[in-house]
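In my numbering, the protein residues as written are 101 to 186.
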Amino acid sequence: MFNFSILNVISFLGRQISAIIAAWPLFVLAALLISPIGPHLRWSYTKSAYSYHQCTYLGSRGFIDPDLTPDCPIVVILDSRNWRRG
């Protein structure tokens, strides 16, 4: 009834794989939104007289205040489950 040749099957699989590869930015965006571990951007920080920094970072789950003494990098990979909300 159906006349599937091996070339038709390979062609079909190739088109499906190329469609998945073309959508890779959507997969990366979904992974960043779902995962609690990801990049966080420094939103603000204050420096005390004792060289202690209070940093606030913005990530996919909102603002968090980690204890990253003695410095506050601009971009850092954090697990937002381990820190208090800002």
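All residues carry an ideal CB built from backbone N, CA and C; glycine is no exception.
- Of the residues D171, I121, Y145, the one whose Cα lies closest to the Cα of F163 is Y145.
- Taken through DSSP and simplified to helix, strand or coil, W183 comes out as coil.
- Taking C-alpha positions only, P136 is separated from Q116 by approximately 30 Å.
- If you ignore the 5 residues before and after I177, its C-beta comes within less than 8 Å of the C-beta of I137, G138, P139, H140, all in its own chain and listed in chain order.
- Among the bridge pairs identified by DSSP, R142 is matched with Y157.
- Annotated as distal: S148 and R161, with beta-carbon spacing of 8 Å or more.
- With a threshold of 16 other beta carbon atoms within 10 Å, G159 meets it and is buried.
- Residue range 162-165 is occupied by the beta strand (DSSP E) that includes I164.
- Looking at D171, V175, V128, D165, the one whose alpha-carbon comes closest to that of W183 is D165.
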